[in-house]
Amino acid sequence: MDLAVAHETISRWQFGITTVYHFLFVPLTISLASIVAGLQTAWVRTGREKYFHATKFWGKLFLINIAMGVVTGIVQEFQFGMNWSDYSRFVGDVFGAPLAMEALIAFFFESTFIGLWIFGWDRLPKKVHLACIWLVAIGTALSAYFILAANSWMQHPVGYRIDPATGKAQLTDIVRVLTQNTTVVQVFHTLTAAFLTGAAFVVGIASYHLWRAKRGKETDRRRTAAMRTSLRVGLAIAVVAGLGTAISGDTLGKVMFEQQPMKMAAAEALWDTQAPAPFSVFAIGDVSKGHNSVELEIPGILSFLAHNDFSSSVPGINDTAAAEAAKYGGQPEDYIPNIFVTYWGFRLMIGFGMTSFAAALIGLWTTRRKFWLAPEHRTGEDEPPKLMLTKKREMSVFFTRWSWRIGILTMGFPLVANSFGWIFTEMGRQPWVVFGLMRTRDAVSPNVSVGTQVVGLTTLTVLYAVLAVIEVGLLAKYAAAGPDTTEQPPAKDPTLRGPSDDEDADRPLAFAY
Amino acid sequence: MHLHDLWFVLIAVLWIGYFFLEGFDFGIGILTRTLARDTAERRVLINTIGPVWDGNEVWLLTAGGATFAAFPDWYATLFSGFFVPLLLILVCLIVRGVSFEYRHQRSGERWQRNWELAIFWTSLLPAFLWGVAFGNIVHGVDIDADKNYVGTLWDLLNPYALLGGLTTLVLFTFHGAVFASLKTTGEIRVRARAQATALGLATAVLALVFLVWTQAHSGNGWSLAALVVAVLALVGALGANRLAREGWAFALSGLTVVAAVGMLFLSLFPDVMPSTLDPDWSLTVTNSASSPYTLKVMTVVALVFTPLVLLYQGWTYWVFRRRIGVQHLPAAAHH
Chain S
1 MDLAVAHETI SRWQFGITTV YHFLFVPLTI SLASIVAGLQ TAWVRTGREK
51 YFHATKFWGK LFLINIAMGV VTGIVQEFQF GMNWSDYSRF VGDVFGAPLA
101 MEALIAFFFE STFIGLWIFG WDRLPKKVHL ACIWLVAIGT ALSAYFILAA
151 NSWMQHPVGY RIDPATGKAQ LTDIVRVLTQ NTTVVQVFHT LTAAFLTGAA
201 FVVGIASYHL WRAKRGKETD RRRTAAMRTS LRVGLAIAVV AGLGTAISGD
251 TLGKVMFEQQ PMKMAAAEAL WDTQAPAPFS VFAIGDVSKG HNSVELEIPG
301 ILSFLAHNDF SSSVPGINDT AAAEAAKYGG QPEDYIPNIF VTYWGFRLMI
351 GFGMTSFAAA LIGLWTTRRK FWLAPEHRTG EDEPPKLMLT KKREMSVFFT
401 RWSWRIGILT MGFPLVANSF GWIFTEMGRQ PWVVFGLMRT RDAVSPNVSV
451 GTQVVGLTTL TVLYAVLAVI EVGLLAKYAA AGPDTTEQPP AKDPTLRGPS
501 DDEDADRPLA FAY
Chain V
1 MHLHDLWFVL IAVLWIGYFF LEGFDFGIGI LTRTLARDTA ERRVLINTIG
51 PVWDGNEVWL LTAGGATFAA FPDWYATLFS GFFVPLLLIL VCLIVRGVSF
101 EYRHQRSGER WQRNWELAIF WTSLLPAFLW GVAFGNIVHG VDIDADKNYV
151 GTLWDLLNPY ALLGGLTTLV LFTFHGAVFA SLKTTGEIRV RARAQATALG
201 LATAVLALVF LVWTQAHSGN GWSLAALVVA VLALVGALGA NRLAREGWAF
251 ALSGLTVVAA VGMLFLSLFP DVMPSTLDPD WSLTVTNSAS SPYTLKVMTV
301 VALVFTPLVL LYQGWTYWVF RRRIGVQHLP AAAHH
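These protein sequences, in sequence, are chains S and V.
Quick note, the first sequence lines up with residues 1 to 513 if you use our numbering.
Quick note, the second sequence lines up with residues 1 to 335 if you use our numbering.
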């Protein structure tokens, strides 16, 4: 391989691997923080123990997950400088600001209050302790916002000028960077997708326990009560978030058709400009050659996705590439991203995400407890629900079994969708690292040798793989164990001063590492 | 005062804050092997920093992010130039964070022992490597006209920098031992004080040589003042520790860290990364800074949020102010 190409390729692989990996934990952290906070709020308000057990159970899984999110986040902060030093020099004036804000405003918030939440059960008044987990939840969302503002600037640079003296980007309007439509829509899309992710996770694990209870393998009814509540919470969030993801995805698509027409043409493998343009459902053949042997298309839909009407023209890859070559110089093919990856990445993102949404919609309806349900089919809140199609008609045994299984099996679907979404949007922007301003090949660290890069890539990949095995093992252990129903909340609500010294002297810690 | 000077100070403050806080965190991690005699004592030590280590580490992320925003060239040169040591530090910080959070998640003896070993090594290595990195920053490295580090990995392992690494390693362990004596109760507290004395004496020797060397090579009047403060604080910390005044000892060991790291920054200014190839190629606060507008935006953000951070982090330490002994450990954290 050409050395210059190797330089760029290895750094891109490292960034891709570490970022996709990091983003497995991010959406779960964002959504589970809020779900745990919501359940704890229900407990503080009602005092019912099923909420307490649910809070502790999901809190445990949340903590196992956030630990990985935190430590893999450090790499994100460092690798711009390590592997992409010319990028850092060029964009630091603009891009560094949201990153520094993320650390100062969001990271401190998150990491300080998570410590208070983990260890504070017996040292803080109930309501103050509850506020801590809400602050963690706010911190995670803020963190997402700042980093997406930075990423949006790479997709669509605004609020800057090129300094004539240095040739580098210079910030001129921070408010535009933080509020441009790319940022707002990306944040909306990412947060809704994050909630779909956490909700599917909750639904999957709750389904596992309820399906066991249904088969008589689980006898602790308090555990079933906590899981049933969790299931309903998860399903409701999945439906709302799934709908939000679809709407925000559509909006983001329209923004992208305008700002990066090449990305969207690549998403459809639409080689030639068409009016009206069809939406390609799937294609067999080599999409990257522009001719498909088998193809299923829905007429007019792509026009609608781009412009909200069914007949307008959508520019194809060839025309867009020619236009970019005329504008930025070089050959048209220099501006064509990897069509195979973008085309299939886009489809897998939508496919996995929307399957979860559809499953949740069915689940939310069939597991209802009272609404439009004959009294003889209603079940107690500590029993697994019957899956009711209509007022009196329950699902057949076969479909019941498969419904629960699908609930479990689709647990990770949004995670897959998220990964493909990021791969699509970042690969679809190539050859640019900052759209229209800087090419990825010009962004790498010129002084870091290929050998050193390989060491970095290998070390992090191996470490991440080992940690993944450990993490999944722990998640599986605690998820399968279910809520610990013997656990009781602290008997006495501490004051803000904490327990007094003499009553505290020899009392064991409520929690310790 | 120019904004880029103010930002030099702010970044120095962030690094100082980081070393003050994670300094004793690293120390505690190292002491799990040198001070703790059994698993119970190791658990006591780990739990003295349990609720706070994560917040302490964010000081590093903020220092990194602030350098990126305020001095993009400094960030780019430093992180790409020191690639391998930083990669090692990254690996350590990743494993270390996971160790704290996962050690108690299974009860198996081997599982716990492995994570405890990981805590020791991943605390020891960064405590050493940060000193090496800062030694090189202050001393200057081979930076070319394009602001790129062009030396090799072995150039970074020069005697001065290695001494810097040893100094931070022993200083942080001392700081950690003083912290342990402040946060524990029972027999381990007494032993922590005894070990602090030994570590403090070792620190005195190493730090004196390293800081005087720094002063001779790149010092100025201000850095000399910081050197004097560091030495006096260290003597005071040793004395207070001897008198079992643990609060004072901790404040003074902290001041030692502050003054020593502060001295490095004072001898650096107005450079941020001197070039040993040609003084004209050195990165300075002026030639590596962001535009005045960016610095102004970031100044507003820093002035609003830094006091807030200090306030709620300080409160966390107050909430978890109780001393911990082996008798306070719950039977098992897992179920």
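Built from N, CA and C at the ideal position, the CB exists for glycine as well.
- For S/Ser-445, the neighbours in chain V by C-beta distance under 7 Å run, in chain order, Ser-80.
- Contact between S/Ile-317 and S/Met-256 is absent: CB atoms are separated by about 14 Å, not below the 8 Å threshold.
- Secondary structure at V/Ser-282: coil, using DSSP grouped into helix, strand and coil.
- Taking CB atoms only, S/Gly-81 has a neighbour in chain V less than 8 Å away.
- V/Gly-97 has its alpha-carbon roughly 20 Å from the corresponding atom of V/Ala-177.
- Beta-carbon to beta-carbon, S/Pro-431 and S/Thr-440 are separated by about 6 Å, close enough to satisfy the 8 Å threshold.
- The three-state secondary structure of V/Tyr-149, taken from DSSP, is strand.
- Taking the Cβ atoms as the reference, V/Ala-233 lies roughly 5 Å from V/Leu-252, within the contact range of under 8 Å.
- S/Met-68 is not bridged by DSSP to any residue.
- Straight-line spacing of the CA atoms in S/Ala-321 and V/Asn-158 works out to 52 Å.
- By a beta-carbon distance limit of 8 Å, V/Ala-230 contacts V/Met-263. Their separation comes to about 6 Å.
- Put simply, of S/Thr-72, S/Ile-162 and S/Ile-74 the residue whose alpha carbon is nearest the alpha carbon of S/Phe-90 is S/Ile-162.
- When CB distances to chain S are screened at a threshold of 7 Å, the residues of the region 140 to 161 of chain V falling below it are Asn-148, Tyr-149 and Val-150, in chain order.
- Check the Cα spacing between S/Gly-167 and each of S/Gly-456, S/Gly-38, S/Tyr-87 and S/Ala-226: the tightest is with S/Tyr-87.
- Of the residues assessed, S/Arg-215 falls on the exposed side of the cut-off, its CB having fewer than 16 other CB atoms within 10 angstroms.
- Taken through DSSP and simplified to helix, strand or coil, S/Met-438 comes out as strand.
- By the neighbour-count criterion, in which 16 or more other beta carbons inside 10 Å mark a residue as buried, S/Pro-299 falls on the exposed side.
- About 7 Å separates the CB atoms of V/Thr-32 and V/Ile-46; that is less than 8 Å, so the two are in contact.
- When rounded, the separation of the alpha-carbon atoms in S/Arg-223 and S/Trp-121 is 21 Å.
- Non-local beta-carbon contacts of S/Lys-370 in its own chain, meaning distances under 8 Å to residues more than five positions away in sequence, involve Arg-378 in chain order.
- What V/Arg-43 touches in chain S, judged by beta-carbon distance under 9 Å, is Ala-512 and Tyr-513, going in chain order.
- By the rule that beta-carbons nearer than 8 Å mark a contact, V/Gln-112 does not touch chain S.
- Per the Cβ contact rule, the region 10 to 17 of chain V is not in contact with the region 160 to 180 of chain V (fewer than 3 Cβ pairs under 8 Å).
- In this structure, the straight-line span from the alpha carbon of S/Asn-181 to that of S/Thr-366 is close to 38 Å.
- In this model, V/His-139 and V/Ala-118 are separated by some 32 Å (Cα to Cα).
- Here S/Ile-406 carries a helix assignment [DSSP, helix/strand/coil].
- If you check the CB distance, S/Ser-356 and S/Pro-414 come in under 8 Å.
- Sixteen is the threshold: since fewer than 16 other Cβ atoms of the shown chains lie within 10 Å of the Cβ of S/Ser-311, the residue is exposed.
- Contact check between the region 210 to 217 of chain V and the region 59 to 71 of chain V: fewer than three CB pairs, one atom from each, fall below 8 Å, which does not count as touching.
- Per the DSSP secondary-structure output, S/Trp-432 pairs in a beta bridge with S/Arg-439.
- For the 8 Å CB-CB criterion, V/Phe-172 and V/Gly-23 form a contact.
- Bridge pairing for S/Ala-283: S/Glu-295 [DSSP].
- Using a Cβ distance threshold of 8 Å, V/Leu-10 and V/Ala-302 count as a contacting pair.
- Assigned with DSSP and collapsed to three states, V/Asp-271 falls in strand.
- Looking at S/Val-416, S/Lys-50, S/Thr-172 and S/Leu-32, the one whose alpha-carbon comes closest to that of S/Gly-139 is S/Leu-32.
- The CB of S/Asp-506 comes closer than 8 Å to the CB of Gln-327 and His-328 in chain V, given here in chain order.
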